[in-house]
Amino acid sequence: MKAYRGLAIIFGFYALGELATYILNLTVPGSVLGMLFLLGSLLTGLIKLEWVEGEAELLVRNMSVMFIPPGVGIVAYLGLIKSQAVPIFVALVLSFLVTLVVTAKTVEFLRRGVE
Amino acid sequence: MNPLGITLTLIIFYLFSELHSRRRAFYTNPVLLSIITIAAVLKGFGIPYESYMDSAVILKFLLGPAVVSLAVPVYKGRETIKTYAGEIALGIAAGGTVAILSAFYIARLLGGSEEVLLSIAPKSVTTAIAIGISEKIGGIPALTAVLVILTGLLGNAFAPELLGLIRVRDRIARGLATGVSSHGLGTARIILEDELAGAVSGLAMALNGVFTSLLLPHLIELLK
């Protein structure tokens, strides 16, 4: 029975996040706002960790399968990908490399002499 | 509602997950292999995407609650966040911004169309958040989903080796760089090699998702 409490809280915060982005006309996804609201509620003690922990971890652990349906939508864009293969794949690989190096070197610079 | 779409998704994902647990390699990634296989089945049998999504949409819907649920690992990692607050904040600010700008500008330089630029800009954040951002800014969420997974695969396959190549040995730097550049798939790899780096990577992924979703829509308005 406790699962219903956890799921109700998680779905409720999702609804709250969606509502807030709609009313305030924000560009942040409602799910991200919902996450911030839930995080705030956990930090202030409004929501207790054990009320949502099991259900939240179940959803996070099983996130992978949820990417498949939106990913399959790619069938409609195969022509676009083929015609723009160079910008897409070169940008993907180079941007990954630059991001990895910049983040690593920034943090390493900050921590020089820490350990 | 036609139950075939969700059944097909679950069977194929189950089979590829079994394969992946037997042969752990970036090219056995069950999400990417499932997307390719289902897309091929739809094409091969001439099944319209809409009739597949008739029931598969339930899985997609759960991404919203799953993102909300990320509050739990972040809450549990609050001590780590406090300990490394400065590094985490600056690492994410620098890396998260570079991820957006480099993807956007390199794709534009090479002649990418506007919908491609908008779809590739959020490629470094966790898939669920990236899809949400792509929807909001007018990208193609399906293209974003696939690009995010490919980015994650790069991190999963090469992040520790690349960090070795540029001689970054600091564990916090290694974790942050992996999480910011290649979200959950990168995290899954680095956590096998170093638990602290893995924990930092997971937090970096979640926080970079929040940072990017706040920054990217405004940044894109300026860049367009």
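Sequences listed follow chains H and E, in order.
In this text, residue positions in the first sequence follow the numbering used here: the first is 35, and each later residue adds one.
In this text, residue positions in the second sequence follow the numbering used here: the first is 358, and each later residue adds one.
For glycine and all other residues, C-beta sits at the position ideal for the given N, C-alpha and C.
Look at the stretch 423-446 of chain E: the residues with a C-beta under 7 Å from a C-beta of chain H are Ala423, Val424, Val425, Ser426, Leu427, Ala428, Val429, Pro430, Val431, Tyr432, Gly443, Glu444.
Taking 8 Å as the Cβ-Cβ cut-off, the stretch 511-529 of chain E approaches chain H at Leu511, Gly512, Ala516, Leu519, Leu520, Ile523, Val525, Asp527, Ile529, given in chain order.
DSSP, reduced to helix, strand and coil, places Ser412 (chain E) within a helical segment of the structure shown. Within the stretch 456-539 of chain E, the complete alpha helix (DSSP H) segments of 4 residues or longer fall at 471-477, 484-494, 498-522, listed in chain order. Non-local beta-carbon contacts of Ala54 (chain H) in its own chain, meaning distances under 6 Å to residues more than five positions away in sequence, involve Leu67 in chain order.
Contacts between Tyr384 (chain E) and chain H, judged by CB atoms closer than 9 Å, are missing: the closest CB pair is about 16 Å apart.
When 7 Å is used as the limit between beta carbons, Pro574 (chain E) is near these residues of chain H: Thr61, in chain order. What Arg381 (chain E) touches in chain H, judged by beta-carbon distance under 7 Å, is nothing: the nearest beta carbon there is about 14 Å away. A Cβ-Cβ separation of about 16 Å leaves Leu92 (chain H) out of contact with Tyr432 (chain E) under the 8 Å criterion. In terms of beta-carbon proximity, Thr366 (chain E) lines the interface with chain H, with at least one pair separated by less than 9 Å. Arg39 (chain H) is outside the set of residues whose beta carbon lies under 9 Å from a beta carbon in chain E. The C-beta of Leu549 (chain E) has fewer than 16 other C-beta atoms within 10 Å across all chains shown, which makes the residue exposed. When E:Leu572, E:Gly555, E:Val537, E:Phe515 are compared, the shortest CA-CA separation from Ala382 (chain E) is found for E:Phe515. In this structure, Phe130 (chain H) lies near Ser539 (chain E), with their beta-carbon atoms less than 9 Å apart. Judged by DSSP in its simplified three-state form, Met562 (chain E) adopts helix. Pro121 (chain H) counts as buried, since no fewer than 16 other beta carbons sit within 10 angstroms of its beta carbon. In terms of Cβ geometry, Ala42 (chain H) and Ile523 (chain E) do not form a close pair [threshold 9 Å]. When rounded, the separation of the alpha-carbon atoms in Val135 (chain H) and Ala534 (chain E) is 7 Å.
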